[in-house]
Amino acid sequence: MQDIRDYLKLHWSLVAVKQKQLKNALQMAFTAAFSPTAWKLLIAAARSRKQQSKNDNLPKLELISC
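Once you know that position 14 of the sequence shown is 38 in this note's numbering, the rest is easy, because the numbers rise by one and skip nothing.
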């Protein structure tokens, strides 16, 4: 669970950097930056999103309907 928490901290710290909130980004990423597993999860998620955009022709399955 700690690796997942660290991954989320890395993710949201990158979001903060993109929004030019450097202080928040540094605070969030400080401890998470030393987790190799969190970095692997972040890279895997980025690759997955990039690959998913190439497969836009795949049929979508609705999991939750409102």
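Every residue, glycine too, gets a C-beta built ideally from N, C-alpha and C.
The beta carbon of W36 sits closer than 8 Å to the beta carbons of M52 from its chain, once the five residues preceding and following it are set aside; these are given in chain order. With at least 16 other beta carbons inside 10 angstroms of its own, A62 counts as buried.
Under a 10 Å Cβ-count criterion, A49 is classified as buried, with 16 or more other Cβ atoms of the shown protein chains found around its own Cβ.
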